[in-house]
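Enquirer:
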């Protein structure tokens, strides 16, 4: 039997609730109702909404990365940054609940980081370089909006590509 922790219906319901209400206003009761499962079923796997949302974020971010053409690592990283920046869940979290991202920036590596590194390391060929590329990409994902005016996101993405080309050769 498939673990509820990887239950697409539950994760889809969580995504719908977060997009509608934000993380802070979403409850496990809302998710259970939308997914058609009991609240206790969810509580057995997720002690709270943040844990459920962490699994949701991992699923969504990994989907973006899995859809990339890795034959050109520079283009793939820039496309990944763009894909995440435009992702509705990412946008909602940044807009409504940005504090949710802080632990992944300051305290710990999340499951999404691990999954992305599993994709980057073979392509880049070096664990240290893969981590450096991820840190640079993460910076452009998170902070690019603060650097607009007089430049655009497209111009910053061009600069990201130039940085990566110089670094990765």
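In this note's numbering, the protein residues as written are 903 to 1071. Glycine included, C-beta positions come from ideal geometry on N, C-alpha and C. Since the model is a prediction, treat every value here as computed from it, not as a measurement.
Grab me the residues of residue 1055's own chain with a C-beta within less than 7 Å of its C-beta, minus the 5 sequence neighbours each way, in chain order.
Expert: Reading the chain shown from its first residue, position 153 is the one you call residue 1055. Within the same chain, residue 1055 has close Cβ partners 1046.
Enquirer: Over the uninterrupted alpha helix (DSSP H) stretch that includes residue 1045, give me the two end residues.
Expert: Locating residue 1045 in the chain shown gives position 143, counting from the first residue. Unbroken alpha helix (DSSP H) run through residue 1045: 1029-1045.
Enquirer: With H, G and I counted as helix, E and B as strand and the rest as coil, what does DSSP make of residue 1015?
Expert: Taking the first residue of the chain shown as 1, we reach residue 1015 at position 113. Of the three classes helix, strand and coil, the one that applies to residue 1015 here is helix, per DSSP.
Enquirer: In its own chain, which residues sit with a C-beta less than 7 Å from the C-beta of residue 1032, not counting the 5 before and 5 after it?
Expert: Here residue 1032 is taken as the residue at index 130 of the chain shown, counted from 1. Excluding residues within five positions, the ones whose Cβ falls inside 7 Å are 1019, 1022, 1023 and 1026.
Enquirer: Kindly indicate which three-state DSSP category residue 944 falls into: helix, strand or coil?
Expert: By 1-based counting over the chain shown, the position of residue 944 is 42. The answer is helix: DSSP assigns residue 944 an H, G or I state.
Enquirer: Looking at C-alpha atoms only, which residue of 1048, 1062 and 1029 is the closest neighbour of residue 1038?
Expert: Residue 1038 sits at position 136 when you count from the first residue of the chain shown. Measuring from the Cα of residue 1038, the nearest candidate turns out to be 1062.
Enquirer: Is it buried or exposed, residue 930, if we count other Cβ atoms within 10 angstroms and call 16 or more buried?
Expert: For the purposes of this step, residue 930 is taken as residue 28 along the chain shown, with counting starting at 1. Buried, because 16 or more other Cβ atoms sit within 10 Å of the Cβ of residue 930.
Enquirer: Let's see if you can read the secondary structure: which residues bound the alpha helix (DSSP H) around residue 1000?
Expert: Against the chain shown, residue 1000 aligns to sequence position 98. Premise fails: residue 1000 is in no alpha helix (DSSP H) and is neither H nor E.
Enquirer: On the criterion of 16 or more Cβ atoms from any shown chain inside 10 Å, does residue 951 qualify as buried, or is it exposed?
Expert: Numbered from its first residue, the chain shown carries residue 951 at position 49. By the neighbour-count rule (16 or more Cβ atoms within 10 Å), residue 951 is buried.
Enquirer: In the structure shown, what three-state DSSP assignment does residue 911 receive?
Expert: For the purposes of this step, residue 911 is identified with residue 9 of the chain shown, where counting begins at 1. Three-state DSSP puts residue 911 in a helix.
Enquirer: Compute the Euclidean distance between the alpha carbons of residue 972 and residue 917, then round it to the nearest angstrom.
Expert: Counted from its first residue, the chain shown places residue 972 at position 70. Counted from its first residue, the chain shown places residue 917 at position 15. If you take the alpha carbons of residue 972 and residue 917, they lie about 27 Å apart.
Enquirer: List, from N- to C-terminal side, the alpha helix (DSSP H) runs of 4 residues or more that fit wholly inside the stretch 953-1009.
Expert: 975-988, 990-998 and 1004-1008
Enquirer: Check whether the stretch 943-950 touches the stretch 977-987, counting contact only when three or more Cβ pairs, one atom from each stretch, lie closer than 8 Å.
Expert: no
Enquirer: Assuming residue 933 contacts residue 919 (C-beta within less than 8 Å), just tell me the rounded distance between them.
Expert: On the chain shown, residue 933 is found 31 positions in, with the first residue counted as 1. On the chain shown, residue 919 is found 17 positions in, with the first residue counted as 1. Right, their Cβ atoms sit about 5 Å apart.
Enquirer: Does DSSP classify residue 1024 as helix, strand or coil?
Expert: Here residue 1024 corresponds to residue number 122 of the chain shown, with the count starting at 1. Residue state, collapsed to three classes: helix.
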